[in-house]
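Residue numbers (the working numbering), protein chains in the order written: chain Z, 23 to 637; chain V, 1201 to 1535. Using N, Cα and C, we set each Cβ at its ideal position, and we do this for glycine too. Okay, so here's the structure we're looking at.
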Ligand SMILES: Cc1ncc(C[n+]2csc(CCOP(=O)(O)OP(=O)(O)O)c2C)c(N)n1
Ligand code: SF4
């Protein structure tokens, strides 16, 4: 086989896997960045161990990074893995289940020692007992080859050993015809101050590449042509960064200072990390003593006229419940981000789930409605964070934005938007200057149509007023325990949220407006659901997708869409939360498809379920 | 800023004040209204933030901006507000239950950060609004509705707790001495950092006369030392009592043959060790209470530091440019 003799593939999924100290996240990121630069569409998903320092070499300590790259649109990190890079036996054991039959394994033979196998709970060496006969195995003594390569380098042993991930990366670059120069440039930039490290890493990368070259007689190489992608400038982004940037931009568009009150929790913390970096945008980030303080200081900042934000995950949102109710009754703008993870309680911190929809809708005392949005994919988080800010400010209401661990940590290319054109102005209700005549000012006075009040903030002369959590008189805003008034106010708060429908886009439908099956999904399952629907549409099935991003209120045209299909299926990574909301609201019949394994949907399982639903 | 000629009534809202007749809260309200005529702060820049409890109804009665929030969380709301807009004069109103039970965490962290707010703790050693359960400041053994056989909880000393949390301003005053209260509020307003004022407040309904020996006009002079900076600690009806330092302990002495005026301990509000002794002392039976500014220290405030850090980063990186951020790192073009 000559070097331009290769197999052309539409898309490939590689999973880099090793011990949490092996640098797998970095390796995967380099591979995906290179692929993006080479014109492929990509989607990635990092998979961290739950324990920071699980014992080395054990299954609990396995860290993975999955890259899906292709010549067509790629919107999920992929169902099944085509190639598994296993730097130790534990990585092999933990991931073999997701490797497709016939897939490739790159195994670091140096790690398959008696001790290594024992830690991975293998009784026999899988490289020797024929148990991998369904796969194509590339055996490479990565540890020793790395050390041999670096024999003449002035570096201590520990640092030499650390280079092994680049050896593995070099092998993959050859196998998939990747250009190694972007990574060499990256290494040079990264280790500018440590030239010995830069040289060692580059040498190891090249050495892995050449090792694979000599292997070519035994294994095939693959090419994935560039994808047909909408022209424009692109960058990689993960969901949490995308979310953070959406808020940064929204604050600029609203001409308000941004304030984030937060308390660290997986998988939401990176939003706090990201915003903390951008102090030169005037962002104030407040790492509070707990989640309650985090939301309460945001409420304080919101009352003082900032675009106020608090970020957390399910358990933290539970603590914030009482304060969210306060913001509801204050009728003040506040954005609450819930990066969902598996529950209940601390549940599965590093795994994904969609089980906080009920919490968002009902997780407070009293009738306390708010606006609920859900982002659909990593790069959509930017848009939805902006939308959440816009709606909070324009409707004087808390908005809960739901994302999840899967899209928060997943990355994909993002066509950089023209923000000056599309994300440039958020009008709101802040009374910026004291009116000439403040007589008769009532903080609670509502706009007749939208039911929204004005936002009067401390520092504005003549608008002094008092608000509390106690029920307020509809007309004066003073404390009132009048029964009829309470009902009036409860309805007013509800109606205010309902009228948000006039300020959100209509529900989109992918596919024909009628047919045999309507798939209704929401949030971070979009990628997999959309791929499954597309596949069946290609096969001629009369199936359409209604993926929801605006969940409370629900867009006006949804009932019409629902009516036009013979059957409805609602796939969710929970026990059936959206489906019950839809059933209660629209009295529809629908089938649920529910998965609660801390794992995202696979396209293949959805295809199967959708087919079953039509029969 | 004397052009702000506010009268006390300018700070009274149009709401009926609904505390029980005789409640100590009335005189605290009136004292703050009085104090605010003297601080020179514009009315629109004043905000009262409270938690939940009888005392926390306070903001409704003030004609300033006011936020009645949730139980125990006023320190957090006030912190966010001050950091968001450092120009505001934020007065946090709280009760002993609100502040030291449910809100204990937020209380200590606001003090630790030294956010420039004024905290008024109304200490009536009982839960008033929920109708009389013991609070963290109730005396051990106190019989209340939730402790019919006497409470077992040991008592919190709010001043010492504040001291331990790193408070830069600790002061004590009493509801039956409006003049002293007013002075203390004006002083607190001048302090840059968290000013913590503990007010001994009487709950006529559930804990009547709990501070009586300290607050009753007839007896209090024998039980209360009014501290003044750089002034000897002298008290008593006839001014015949004083405090001296013996070893590492404070001692009450009679001025006469053995002890002269010049032997008395002189108050120094900047002396941390002395403040600690003063805060700890009244736990011992029969010891007088100390009123006034017990401790004060100048230190940077959190809100100033937040603003300064933003400036610093701006100077270093330049004003944030969103398009630059979008195109930072690796960007590629698809044609
Ligand atoms: C989350 C929550 N828990 C409990 C209560 C009930 N509650 C209201 S006030 C209060 C105690 C207030 O005591 P204190 O702070 O001493 O104030 P006082 O009424 O004595 O002024 C309690 C327990 C509540 N409102 N919210
Ligand atoms: S119950 Fe006590 S604290 Fe509450 S208003 Fe009445 S007297 Fe005041």
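Spatial distance of residue i from residue j (CA atoms)
| i | j | result |
| --- | --- | --- |
| residue 313/Z | residue 292/Z | 15 Å |
| residue 251/Z | residue 260/Z | 19 Å |
| residue 200/Z | residue 580/Z | 45 Å |
| residue 1327/V | residue 1335/V | 6 Å |
| residue 1380/V | residue 497/Z | 40 Å |
| residue 1478/V | residue 1432/V | 14 Å |
| residue 326/Z | residue 1339/V | 39 Å |
| residue 345/Z | residue 1270/V | 7 Å |
| residue 278/Z | residue 1290/V | 21 Å |
| residue 1522/V | residue 1388/V | 42 Å |
| residue 42/Z | residue 620/Z | 20 Å |
| residue 532/Z | residue 263/Z | 27 Å |
| residue 107/Z | residue 192/Z | 12 Å |
| residue 1278/V | residue 53/Z | 48 Å |
| residue 456/Z | residue 480/Z | 11 Å |
Outcome for residue i when other beta-carbon atoms lying within 10 angstroms are tallied against a minimum of 16
| i | result |
| --- | --- |
| residue 1341/V | exposed |
| residue 422/Z | buried |
| residue 105/Z | buried |
| residue 1419/V | exposed |
| residue 1222/V | exposed |
| residue 166/Z | exposed |
| residue 417/Z | buried |
| residue 123/Z | exposed |
| residue 446/Z | exposed |
| residue 574/Z | buried |
| residue 75/Z | exposed |
CB contact flag (residue i, residue j, <8 Å)
| i | j | result |
| --- | --- | --- |
| residue 1260/V | residue 1249/V | no |
| residue 88/Z | residue 159/Z | no |
| residue 604/Z | residue 374/Z | no |
| residue 1410/V | residue 1318/V | no |
| residue 1464/V | residue 1443/V | yes |
| residue 1207/V | residue 1241/V | no |
| residue 356/Z | residue 414/Z | yes |
| residue 584/Z | residue 566/Z | no |
| residue 246/Z | residue 62/Z | yes |
| residue 468/Z | residue 514/Z | yes |
| residue 1356/V | residue 1337/V | yes |
| residue 430/Z | residue 522/Z | no |
| residue 84/Z | residue 133/Z | no |
| residue 20/Z | residue 569/Z | This structure cannot settle anything about residue 20/Z, because the visible part of chain Z is limited to 23 through 637. |
CB contact check: residue i to chain Z, cutoff 8 Å
| i | result |
| --- | --- |
| residue 1239/V | no |
| residue 1318/V | no |
| residue 1526/V | yes |
| residue 1532/V | yes |
| residue 1359/V | no |
| residue 1522/V | yes |
| residue 1518/V | yes |
Within-8 Å CB hit, residue i to chain V
| i | result |
| --- | --- |
| residue 458/Z | no |
| residue 269/Z | no |
| residue 513/Z | no |
| residue 315/Z | yes |
| residue 410/Z | no |
| residue 24/Z | With a pLDDT of 39 at residue 24/Z, under the threshold of 50, the modelled position of that residue is not reliable, and the figure given next carries that caveat. Taking Cβ atoms only, chain V never reaches closer than 8 Å to residue 24/Z, which makes this a no. |
| residue 47/Z | no |
What residues from the segment 477 to 494 of chain Z come within 9 Å of chain V, judged by C-beta to C-beta, listed N to C? 478, 479, 480, 481, 482, 483, 484, 485, 486, 487, 488, 489, 490, 491 and 492
Within 8 Å of chain Z by C-beta, residues of the segment 1209 to 1233 of chain V in sequence order: 1213 and 1215
May I ask you to list, following chain order, the residues of the segment 1254 to 1267 of chain V that have a beta carbon less than 7 Å from some beta carbon of chain Z? 1259, 1260, 1263, 1264, 1265, 1266 and 1267
The segment 248 to 260 of chain Z: which residues have C-beta closer than 8 Å to a C-beta of chain V, in chain order? 251, 252, 253, 254, 255, 256, 257 and 258
Taking beta-carbon pairs under 7 Å, can you tell me which members of the segment 1271 to 1285 of chain V lie near chain Z? Flagged, chain order: 1273, 1276, 1277, 1278, 1279, 1280, 1281, 1283, 1284 and 1285.
Scan the segment 1490 to 1503 of chain V for residues whose Cβ lies nearer than 8 Å to a Cβ of chain Z and list them as they occur along the chain. none
According to a CB-to-CB cut-off of less than 7 Å, which residues of the segment 1285 to 1318 of chain V neighbour chain Z? For the segment 1285 to 1318 of chain V, the beta-carbon criterion of a distance under 7 Å to any beta-carbon of chain Z is satisfied by 1285, 1287, 1288, 1305, 1306 and 1309.
Note down, in chain order, all residues in the segment 285 to 302 of chain Z with a beta-carbon under 7 Å from any beta-carbon belonging to chain V. 300, 301 and 302
Tell me which residues of the segment 334 to 361 of chain Z have at least one Cβ-Cβ distance to chain V shorter than 9 Å, keeping chain order. From the segment 334 to 361 of chain Z, only 344, 345, 347, 348 and 352 have a Cβ closer than 9 Å to chain V.
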